[in-house]
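Visitor: The structure follows.
Number of protein chains: 2
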Amino acid sequence: MKDVRGFLIDLDGVLYVGDKAIKGARESIDLIRDRNYTFRFVSNTTRKCRNTIAEQLSSMGFDIPVEYIFTPPLAAVACLRNAGKRHCYLLTTGDVYRDFEQECFCDTGTMIDFVIIGDAGDKLTYDSLNTAFRHLMNGADLIALEKDRYWMAPGGLFLSAGPFVQALEFATGKTATIVGKPSKTFFELALRDMGLRADQVAMIGDDILTDIGGARTMGMQGILVRTGKYRKDAVDHAVVKPDCIIDSIAQLRDIL
Amino acid sequence: MKDVRGFLIDLDGVLYVGDKAIKGARESIDLIRDRNYTFRFVSNTTRKCRNTIAEQLSSMGFDIPVEYIFTPPLAAVACLRNAGKRHCYLLTTGDVYRDFEQECFCDTGTMIDFVIIGDAGDKLTYDSLNTAFRHLMNGADLIALEKDRYWMAPGGLFLSAGPFVQALEFATGKTATIVGKPSKTFFELALRDMGLRADQVAMIGDDILTDIGGARTMGMQGILVRTGKYRKDAVDHAVVKPDCIIDSIAQLRDIL
């Protein structure tokens, strides 16, 4: 870790699981702050806005500035900004729209520049998908906040955004720009905000593909934690290897 | 047409458009019946059961036995029969379930053999797609009544079954068996019922790909009509060429 000057840190599964902070996680954040490392948080959450995430972190005892948190909706807003466009149609749920409303016009007007789709749950209806489809056929581009297949909840397996992204791609012949981890756009957004090059940064995450694979592709180091969605067999079978594996983020002090 | 002993005939766009019979269509059906040709009807409709289609044909003045009508739901029932399975989960709309209920158990029990998806409109919800997805993950196979991208109605473009088939394929890693035109299974079902070989049959349709392309792949002759969805440029650009093009089915008498 000797050349590392900053950290990108995943949230769910690294700082907390469910609504419980991982033991020693707060102390590790304090430690990297005290030692003057730069750090930002990169999460693939597409069901909550940045402010809500900051509030939930605060309720778990983490003192993290809201502007340190990067999520796919923020990467999508950056895409719109770069394209000089402001009109979007959102297929999202929860309060994710709040990440967009400051800079964008959402779901208004007939000329839509971007259709933005996340893990939208019950908001994905035949009607809303038809509306998105028609905007795409009228010239809008498609941004996917993620393209996961499914996720596991206490009630069973649930379809994630991926299948619906695939559906709209098939219907329109367009290809979605994916803005969450492990996309380059997303990591670059956080790196630019840190003012560091990829080779000066280590990514700490629990997902061997999106976190570690994504980091390695960027030229960052990858630190895998054995908390959250970590599964030994997934790591053993993965082509990508982490630079280092630690039991949890609490162990960060041992490798700094 | 000298070796032709039977006809497969598309319905929508060939016998009628909207709820109006094509001029001379009834007389053409009478003619092939009088001349002792064998004939069956093959339609890709996935929103109506066979009985409803027969009733609608009757109301337009066509006297067609219900057992002469072949649709993708019937091909799906044949698939289940061939597999020796009876439990299916239907993602369909209208009264299509009536084609299944005589031989199959629909949407009951936890062990489902086949998920069957058609152009299901408002029946495609996040809940119903999750249920279908879980059955597939539990071992069910996927049958698609069609895999079209979209269709045009007075209200605009609407997503057809294809995008949702694609969504479930992406989520599960499974590949759907498509049972409508131009699938081999579907044409074979009608040919077997006629007791004729493909080279003894001509297909009459308005779709250069599903009707004419499908027929030619099977070894049947293809007669394209200039009614329904016929578009000259689509025919000019298509790789497949019809054996013969006629203005409408009324002109059949000229080529028999």
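Note that the protein sequences, when read in sequence, are chains L and G.
The numbers in our numbering rise by one with no breaks, and the one at position 226 of the first sequence is 359.
The numbers in our numbering rise by one with no breaks, and the one at position 176 of the second sequence is 309.
Virtual Cβ for every residue (Gly too), placed ideally from N, Cα, C.
(1) On the premise that F266(G) lies in contact with L301(G), defined as a C-beta separation below 8 Å, what is that separation, rounded to the nearest angstrom?
(2) Using the Cα positions of C182(L) and S381(L), report the straight-line distance between them to the nearest angstrom.
(3) Please list, in chain order, all residues of the same chain as C237(G) whose beta carbon is under 8 Å from its beta carbon, the five residues on each side excluded.
(4) Where do the ends of the beta strand (DSSP E) carrying C182(G) lie?
(5) Answer with buried or exposed for N177(L), where buried requires no fewer than 16 other C-beta atoms within 10 angstroms of its C-beta.
(6) Going residue by residue through the region 196–253 of chain G, where are the continuous beta strand (DSSP E) segments of at least 3 residues, counting only ones entirely within it?
(7) Would you mind working out which of G295(L), D152(L) and L275(L) sits nearest S192(L), comparing C-alpha positions?
(8) Quick one: any contact between the region 334–346 of chain G and the region 367–386 of chain G, if contact means 3 or more CB pairs under 8 Å?
(9) With distances taken between CB atoms, is the gap from V298(G) to A309(G) smaller than 8 Å?
(10) Counting only the same chain and skipping the five closest in sequence on each side, list residues whose C-beta sits under 8 Å from that of I165(G).
(11) What residues are listed by DSSP as bridge partners for T171(L)?
(12) In chain L, which residues lie less than 9 Å from M244(G) when you measure between Cβ atoms?
(13) Looking only at its chain, what residues have a beta carbon closer than 6 Å to the beta carbon of P375(G), apart from the 5 residues adjacent to it on each side?
(14) Could you tell me which whole alpha helix (DSSP H) segments of length 4 or greater appear in the region 293–341 of chain G?
(15) Please classify M336(L) as buried or exposed, where buried requires at least 16 other C-beta atoms within 10 Å of its C-beta.
(16) Which of the three DSSP states is assigned to I155(G) in this structure?
(17) Is A187(L) close to chain G? Criterion is C-beta to C-beta, closer than 8 Å.
(18) I want to know whether the region 221–236 of chain G touches the region 312–330 of chain G - three or more CB-CB distances under 8 Å.
(19) Provide the residue span of the alpha helix (DSSP H) that contains V368(L), from first to last.
(20) Identify which residue in G289(L), D252(L), A331(L) and T258(L) has its Cα closest to the Cα of I129(L).
(21) Does any residue of chain L bring its CB to less than 8 Å from the CB of R159(G)?
(22) To the nearest angstrom, report how far apart I249(G) and R138(L) are at their CA atoms.
(23) Just to confirm, are P206(G) and F233(G) a CB contact at a threshold of 8 Å?
(24) Could you tell me whether the Cβ atoms of T258(G) and T258(L) are closer together than 8 Å?
(25) Could you check how far apart the C-beta atoms of L269(L) and A294(L) are, in whole angstroms? I think they sit under 8 Å.
(26) Examine chain G for any beta-carbon lying closer than 8 Å to the beta-carbon of G295(L), and answer yes or no.
(27) My guess is that T185(L) and D143(L) are in contact by the Cβ rule of under 8 Å, so how many angstroms apart are they, rounded?
(28) The alpha helix (DSSP H) with L269(L) in it runs from where to where?
(29) Quick one: does R364(L) have its CB under 8 Å from some CB of chain G?
(30) To which residues of the same chain is I118(G) closer than 7 Å at the C-beta, ignoring the five residues directly before and after it?
(31) Going by CA-CA distance only, name the one from T204(L), D196(L), D167(L) and M353(L) that's closest to A331(L).
(32) So, with DSSP's three-state summary, where would you put D281(G)?
(33) Is A277(G) close to chain L? Criterion is C-beta to C-beta, closer than 8 Å.
(34) Please report whether the beta-carbon of Q299(G) lies at a distance below 8 Å from any beta-carbon of chain L.
(35) Determine the DSSP secondary structure at H273(G), reduced to helix, strand or coil.
(36) Just to confirm my understanding: we take M134(G), look at its own chain, exclude 5 residues before and 5 after, and list those with CB closer than 7 Å. What are they?
Guide: Taking the definition as stated:
(1) 6 Å
(2) 26 Å
(3) Once the five neighbours on either side are set aside, the close Cβ partners of C237(G) are V210, L213, R219, H220 and C221.
(4) If you look at C182(G), you'll find it isn't in any beta strand (DSSP E); DSSP assigns it neither H nor E.
(5) buried
(6) Those beta strand (DSSP E) runs which fall completely within the region 196–253 of chain G and span 3+ residues are 220–224 and 247–250.
(7) D152(L)
(8) yes
(9) yes
(10) F140, F172, L385 and L389
(11) The partner list for T171(L) (beta bridge, DSSP) reads G139(L).
(12) None at all; the shortest Cβ gap to chain L is about 16 Å.
(13) I345, G355 and L357
(14) 294–305 and 317–327, all fully within the region 293–341 of chain G.
(15) buried
(16) coil
(17) no
(18) no
(19) K365 to H370
(20) Limits of chain L in this structure are 134 at one end and 389 at the other, which puts residue 129(L) out of reach.
(21) Taking Cβ atoms only, chain L never reaches closer than 8 Å to R159(G), which makes this a no.
(22) 55 Å
(23) With contacts defined by Cβ atoms closer than 8 Å, P206(G) and F233(G) form a contacting pair.
(24) A contact, by the Cβ cut-off of 8 Å.
(25) Rounded, the Cβ-Cβ distance is 15 Å, inconsistent with contact.
(26) yes
(27) At roughly 17 Å, the Cβ-Cβ gap does not stay under 8 Å, so T185(L) and D143(L) are not in contact.
(28) Y259 to M270
(29) No, R364(L) does not count as interfacial toward chain G.
(30) No answer is possible for residue 118(G): the residues shown for chain G start at 134 and end at 389.
(31) M353(L)
(32) coil
(33) no
(34) Closer than 8 Å to some Cβ of chain L, the Cβ of Q299(G) qualifies, so yes.
(35) Residue identity check: residue 273(G) is Ala in the sequence provided, not His. Reduced to three states, the DSSP call for A273(G) is coil.
(36) A335, I388 and L389
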